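Accompanying notes for the structure given below.
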Amino acid sequence: MSRQDSETDTIRLDKWLWAARFFKTRGLATQAINGGHVHLNGSRVKPSRTIKLDDEVRIRKSSVEFIIHVRGLSDKRGPAPVAQTLYEETETSLAQRENQKQQRSLMADAGPRPDKRPSKRDRRHIIRFRRG
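Whatever position you read off the sequence shown (first residue = 1), add 487 for our numbering.
Here is the structure:
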């Protein structure tokens, strides 16, 4: 049962996060909400909290934070293009995520990397070194 275009309709937060494809399962969405990684309109909430259109949701997954506004309600998980119509990410959130992506890329490039894969002999030396 997909719900769209009605401002009086509400849906559970954990169901909506799952349907909008922010989390792979409802259980993971529930864990994130209980762990304080999801805030609704600036406050920490429970998984059973209902959301409605135009609510602001902050989702933190590892080091990435999404700030989104609810644009549609659905309690069914559909294809990704349909799920993307359920929310709109703010410009500041997009810019911040892009900045973090560039920083991670620069950090990965700054680290030393070997020119080739270790040979069998090199791997044995590495294993001996790690074991002490």
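No residue lacks a Cβ here, since even glycine has one placed at the ideal position from N, Cα and C. Predicted model only: the values in this text are computed from it and were never measured.
For Val551, the enclosing beta strand (DSSP E) stretches over residues 551–557.
Assigned with DSSP and collapsed to three states, Ser592 falls in helix. Here DSSP, grouped into helix, strand and coil, assigns Leu540 to coil. Under the three-state reduction of DSSP output, Lys548 falls in the strand class. Checking the DSSP bridge columns, you'll see Arg499 partnered with Thr537. The C-beta distance from Leu527 to Asp542 rounds to 6 Å, short enough to meet the 8 Å contact threshold.
In this structure, Thr577 places its C-beta atom within 8 Å of the C-beta atom of His556. Bounds of the beta strand (DSSP E) holding His526 are 525–527. Remark: C-beta atoms of Ser550 and Gln587 approach each other more closely than 8 Å. Classified as buried, Phe510 has 16 or more neighbouring CB atoms from the shown chains inside 10 Å of its CB.
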